[in-house]
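The opening residue of the sequence shown carries number 1 in UniProt numbering; numbering runs sequentially from there.
We treat Cβ as the ideally placed atom computed from N, Cα and C, and that holds for glycine.
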Amino acid sequence: MKNLKISKYLDTRLGFFSLLAVLFWLKNIFAYFTAFNLGIESPFQYFILLINPIATTLFLLAIALYVRRTKTFYVTIMLIYFIMSLLLFANVVYYREFTDFITINTILGAGKVSSGLGSSALKLFDPLDAVYLIDFFVLLYALGRRKIKQDETAIKGRFAFAMSMLAVVIFSGNLFLAETDRSGLLTRTFSRDYLVKYLGINAFTGYDAIQTYNTNQVRAEASPNDMKEVEEYVKEHHAAANPETFGIAKGKNVIYIHLESVQQFLIDYKLVDELGVEHEVMPFINSLYHSDSTFSFDNFFHQVKAGKTSDAETLLETSLFGLNQGAFFAQLGGKNTFEAAPNILAQEAGYSSAVFHGNSKTFWNRNITYTHFGYENFFDASYYDVNEENSFQYGLHDKPFFEQSIPYLERLQQPFYTKFLAVSNHYPYAEFTDEEAGFPMATTSDNTINGYFATANYLDTAVEEFFNYLKASGLYENSVIVLYGDHYGISNGRNQTLSELVGKSSDTWTDYDNAQMQRVPYMIHIPGQTNGGINHTYGGQVDALPTLLHLLGIDTQKYIQLGQDLFSEEHEELVAFRDGSFMTPDYTFYGGVLYDNTTGEIAEELSEDEQAKIDGYQERVNRQLGVSDQINNGDLLRFYTGSGLEPIDPESFNYKDSLTRLVSLEQALGNDSTSLYSQHKQQSTVELYQSKSYQEYVAPNEAQDTEVTPSSEVVAPAK
Ligand code: GP9
Ligand code: MN
């Protein structure tokens, strides 16, 4: 009786619609749990995952409800169902190989991907994948054989519309829940994983289609002519290298250490605990800051916006800005042509290159963007032993991260250009509580602030351990090590609570103070140099690339870089923030208000000359940002040949099996191999790494004594 009712219901258009909706939801959930790894962390996220296919499924299938004619209705709804199922199926197969989702650009360039896969493409299919398509054919059969009858009564237009609206309402609810769990999901587009996890495959693909369309429009309108204005600006704005520092690090390895969320105020900072005892937050980094071998900067500002870490990467490695809206890496990183550091150094000076980061490769679209930057290797979370104990939502913790990077680092041909993206000191700074980290919490009313010092202290120890290894292995002498803070760790909204800890009062705290807090560390440590020191020049992240290249003895005049060498006599002390605010030694323009730096008060009653000076600053800031947007949005570097760089093929980079490739290269080079491993007579240097394991760290009593002492038998590296 009951069965009869159901089958009768299926014979109605609405019944058939419901059947398809339920089936698709089931297939989607099946894929979530068997095919994709979405990093679900809480029951709430599970809930969002379960509901996220509903809205788009209803919305898409509801299109057919508007169709009145019987046959056309069934053809339409089956077609929609087939396309959705195919998209899901394709994503499952694609994910198996690439641990990533299909973008519109992947579809447009599908030929390239499949030819790259060659005969292995077939092997990607799993018999179980049939689940995603088989029901379509069963339904087709059932309709054909009239097992499911075709309902001739059309759905009322009003009802169809109500269904579409219902889908929109559910989608809004879904989006709202997603935003509560991950704010900025759509505006910042952290990663494809996130979009699928929160909004589902259909929504992700739709969103990606809109984004791709928009960027392609702008890109299509750009022409080689647009480069003229850019070239003019770059020529005018270029600051010639300082002969005293030009080439002082020539031929050295480059090791970038990304100090996640570290602000300049942490330098030399001592946290006072409840008993009045002072605790130095970053003793090791402070020792580097004050070292004669370090060129340190105390007026260096981050210039990022929504792309946060990835914007900092863009600034430091391309000397261009991120976008004023959204994340540049996510929107254009995988499309544009760049003159990025790894590529310049490879072509000009034979450097190899690698990024090390213990988070999933798709975060900030890094896996694609890095191929456009010309990175030869990217060691993401898949190369590390990441487990619940040694990681958090942003990946592997810094200590095991640096330690586990060594087996890869030692295989790189020297000189190398490398970047270590540390991450433990990341909001919400909740990972290292008092007893665990051995570093006190601050005691403000804001827990985010309270934990910030302990996580920064943890980072400091991790960096120290890494330096100890660099020294023990001999890499140290041959390297220039650059440390930088990527952006603020404590946001402006929290600064008033922080104010007492930085010797100010919350009552008098203004945007002037917020602006000063945007300073981040920038230190260039060059072992062997003794005339370092603390440089007070005002500069920003956009200046880092020309500064570094000049130290390495590479002239930057022919490159399209928007920053200026910080050592140059011609360097202008004007720092643009991404929103058009700016900072100079004398003035702070922030939040639409101009402040006088000598008093920290609003600058009023400016003389005509002063006003003209300010107008000039604003104009130059706007021009710098405008030129950056022009280059990025129009993908103008594809038209530029002035630098003489050979165009690179991003598709030629593959971040799978990097270790195997490095080892083969080492073997092919034989005695000419310059990797650390080869220099150590084919012996690993891993044992030179001294670290307390995370286990020891969180539960010192239970952990065994695993500390290793450096082996004295290791041969010193060949010079
Ligand atoms: C994630 C990490 C954090 O991999 O780099 O990025 P952020 O949230 O700081 O931009
Ligand atoms: Mn960051």
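Could you tell me whether the Cβ atoms of serine 352 and glutamine 413 are closer together than 8 Å? Mapped onto the sequence shown, residue 352 falls at position 352. Mapped onto the sequence shown, residue 413 falls at position 413. In contact: serine 352 and glutamine 413 (Cβ atoms closer than 8 Å).
Leaving out the 5 sequence neighbours to the left and right, which residues in its chain are closer than 6 Å to methionine 227 when beta-carbon positions are compared? Counted from its first residue, the sequence shown places residue 227 at position 227. Leu636, Phe639, Tyr640, listed in sequence order.
Verify the contact flag: aspartate 486, CB atom, against every heavy atom of the ligand MN, threshold strictly below 7 Å. If you number the sequence shown from 1, residue 486 lands on position 486. Yes, since a heavy atom of the ligand MN falls inside the 7 Å radius drawn around the Cβ of aspartate 486.
Any idea what DSSP makes of tyrosine 595, helix, strand or coil? Taking the sequence shown and counting its residues from 1, one reaches residue 595 at position 595. It is a strand residue.
Are proline 342 and phenylalanine 373 touching if we call contact CB-CB under 8 Å? Taking the first residue of the sequence shown as position 1, residue 342 is located at position 342. Taking the first residue of the sequence shown as position 1, residue 373 is located at position 373. Yes, they are a contact pair.
What residue from Leu60, Leu659, Asp100 has the CA that sits closest to valine 384's CA? Within the sequence shown, numbered from 1, the residue matching residue 384 stands at position 384. Going by the sequence as given, residue 384 is tyrosine instead of valine. Taking only the C-alpha atoms, the option nearest tyrosine 384 is Leu659.
Measuring alpha carbon to alpha carbon, tell me which residue in Leu23, Ser42, Asn105 is nearest methionine 84. Counting from one through the sequence shown, the residue named residue 84 turns up at place 84. Of Leu23, Ser42, Asn105, the residue nearest in Cα terms is Leu23.
Does the stretch 170-184 come into contact with the stretch 197-204, if we say contact requires no fewer than three beta-carbon pairs (one atom in each stretch) closer than 8 Å? yes
Output needed for alanine 31: all residues of its chain with C-beta closer than 7 Å, excluding positions within five of it in sequence on either side, in chain order. For this step, residue 31 is matched to residue 31 along the sequence shown. Closer than 7 Å at Cβ, skipping near neighbours: Leu88, Val92.
Per DSSP, what kind of secondary structure is isoleucine 526 in: helix, strand or coil? As a working note, residue 526 is residue 526 in the sequence shown. Looking at isoleucine 526 - three-state DSSP - the assignment turns out to be coil, as it is neither helix nor strand.
Within 8 Å, strictly: CB atoms of phenylalanine 284 and aspartate 460: Taking the first residue of the sequence shown as position 1, residue 284 is located at position 284. Taking the first residue of the sequence shown as position 1, residue 460 is located at position 460. Yes. Within cutoff.
Can you tell me where the alpha helix (DSSP H) with threonine 309 in it begins and where it stops? As a first step, residue 309 is located in the sequence shown; it is residue number 309 there, counting from the start. From DSSP, the alpha helix (DSSP H) with threonine 309 extends over 308-318.
Sub-8 Å separation of valine 621 and phenylalanine 582 beta-carbons: Locating residue 621 in the sequence shown gives position 621, counting from the first residue. Locating residue 582 in the sequence shown gives position 582, counting from the first residue. Yes, they are a contact pair.
Starting from histidine 302, trace the beta strand (DSSP E) in both directions and tell me its first and last residue. Taking the first residue of the sequence shown as 1, we reach residue 302 at position 302. Careful: histidine 302 lies outside any beta strand (DSSP E) and carries neither H nor E.
Is phenylalanine 17 buried or exposed, if buried means 16 or more other CB atoms sit within 10 Å of its CB? For the purposes of this step, residue 17 is taken as the residue at position 17 of the sequence shown. By the neighbour-count rule (16 or more Cβ atoms within 10 Å), phenylalanine 17 is buried.
Reduced DSSP category for glycine 533 - H, G, I as helix; E, B as strand; rest coil: Counting from one through the sequence shown, the residue named residue 533 turns up at place 533. Looking at glycine 533 - three-state DSSP - the assignment turns out to be strand.
Could you give the distance in angstroms between the alpha-carbon of glutamine 564 and the alpha-carbon of histidine 238? On the sequence shown, position 564 is the one that residue 564 refers to. On the sequence shown, position 238 is the one that residue 238 refers to. One C-alpha to the other measures close to 6 Å.
Do asparagine 174 and phenylalanine 567 have their C-beta atoms closer together than 8 Å? The residue given as residue 174 occupies position 174 in the sequence shown. The residue given as residue 567 occupies position 567 in the sequence shown. No; because the gap between Cβ atoms is not below 8 Å, this pair is not in contact.
Inter-residue Cα distance where the pair is asparagine 336 and lysine 361: In the sequence shown, counting from the first residue as 1, residue 336 sits at position 336. In the sequence shown, counting from the first residue as 1, residue 361 sits at position 361. So the alpha carbons of these two residues sit roughly 19 Å apart.
At the level of alpha carbons, what is the spacing between asparagine 365 and threonine 103? Within the sequence shown, numbered from 1, the residue matching residue 365 stands at position 365. Within the sequence shown, numbered from 1, the residue matching residue 103 stands at position 103. Straight-line Cα distance between these residues: approximately 11 Å.
Report yes if the C-beta of glutamate 260 is less than 7 Å from at least one heavy atom of the ligand MN; otherwise report no. Working through the sequence shown from its first residue, we reach residue 260 at position 260. Answer for glutamate 260: yes, Cβ within range of the ligand MN.
Nearest neighbour of glutamine 518, chosen from Thr508, Ile534, Ile560, Arg578 [CA to CA]: The count along the sequence shown starts at 1 and reaches residue 518 at position 518. Cα-wise, what sits closest to glutamine 518 is Arg578.
Alpha carbon to alpha carbon, what distance is there between glutamate 339 and tyrosine 559? Position 559 of the sequence shown, counted from the start, is the residue given in the question as residue 559. Position 339 of the sequence shown, counted from the start, is the residue given in the question as residue 339. The alpha-carbon atoms of tyrosine 559 and glutamate 339 are separated by roughly 7 Å.
Coarse secondary structure for serine 581, derived from DSSP in three states: For this step, residue 581 is matched to residue 581 along the sequence shown. If DSSP states are grouped into helix, strand and coil, serine 581 belongs with coil.
Out of Gln611, Leu128, Ser607, which has the shortest C-alpha to C-alpha gap to phenylalanine 589? Start at 1 with the first residue of the sequence shown, and residue 589 comes out as number 589. Ranking Gln611, Leu128, Ser607 by Cα distance to phenylalanine 589 puts Gln611 first.
Other residues of its chain near aspartate 543: CB distance less than 6 Å, five sequence neighbours each side excluded: For the purposes of this step, residue 543 is taken as the residue at position 543 of the sequence shown. So the qualifying residues of the chain are Gly563, Gln564, Leu566.
Given a cut-off of 8 Å on the beta-carbon distance, is the pair leucine 483 and leucine 669 in contact? Position 483 of the sequence shown holds residue 483. Position 669 of the sequence shown holds residue 669. No. Outside cutoff.
Bounding residues of the alpha helix (DSSP H) (the contiguous stretch that carries residue 807): This structure leaves residue 807 out entirely; the chain is present only between 1 and 719.
Find out if the Cβ-Cβ distance for the pair serine 319, leucine 545 is shorter than 8 Å. Looking up residue 319 in the sequence shown gives position 319. Looking up residue 545 in the sequence shown gives position 545. Cβ atoms of serine 319 and leucine 545: closer than 8 Å.
If we count Cβ pairs, one from each stretch, closer than 8 Å, do we get three or more for the stretch 35-54 versus the stretch 153-162? no
With DSSP run on the structure shown, which of helix, strand or coil describes phenylalanine 30? For the purposes of this step, residue 30 is taken as the residue at position 30 of the sequence shown. Here phenylalanine 30 sits in helix by DSSP.
Could you spell out where the alpha helix (DSSP H) holding tyrosine 469 opens and where it closes? On the sequence shown, position 469 is the one that residue 469 refers to. Start and end: 447-473.
Within the stretch 347-392, ranges of the alpha helix (DSSP H) (whole runs, at least 4 residues): 366-373
Going by C-alpha distance, which of Ala142, Gly358, Lys692, Ile51 is nearest glutamate 464? Within the sequence shown, numbered from 1, the residue matching residue 464 stands at position 464. Ranking the options by Cα distance to glutamate 464, first place goes to Lys692.
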